[in-house]
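To get our numbering, take the position in the sequence shown, counting from 1, and add 1422.
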Amino acid sequence: MTLAIAVFGAVFTSRTAAVLASPATIPDADRAASALAGGQAERLIQAAPPAHRDAARHLVHQAFAAGWTGYSCCLRRRRRSAD
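If you want it as structure tokens, here you go:
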């Protein structure tokens, strides 16, 4: 079970990092993805300059959705392989 949780966490972080790095607006996308996986979404948004916080909020939401989609895809595959 512990391994499965670690794999799901890695998939989530990898997918969120890909979204955060794609527009080249996040200087350290891997670190930001780890923070997002750790529940620090609001901290990431507040770190953006005030004029860019709405865009940061939208980007964080997109990244989270991509990470969750990756997580749920892995979960569905795991369930199918267990059947």
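Glycine included, each C-beta is placed from N, C-alpha and C at the ideal position.
Note that this is a predicted model, so its numbers are computed, not measured.
Item: Buried/exposed call for Thr-1435, threshold 16 Cβ in 10 Å; Value: buried
Item: Distance between Ile-1467 and Val-1433 (C-alpha atoms, nearest Å); Value: 22 Å
Item: For Ile-1427, the three-state DSSP class (helix, strand or coil); Value: helix
Item: Three-way DSSP call (helix, strand, coil) for Ser-1444 in this model; Value: coil
Item: Burial state of Ala-1459 (16 or more Cβ within 10 Å); Value: buried
Item: Distance, Pro-1472 Cα to Arg-1437 Cα; Value: 26 Å
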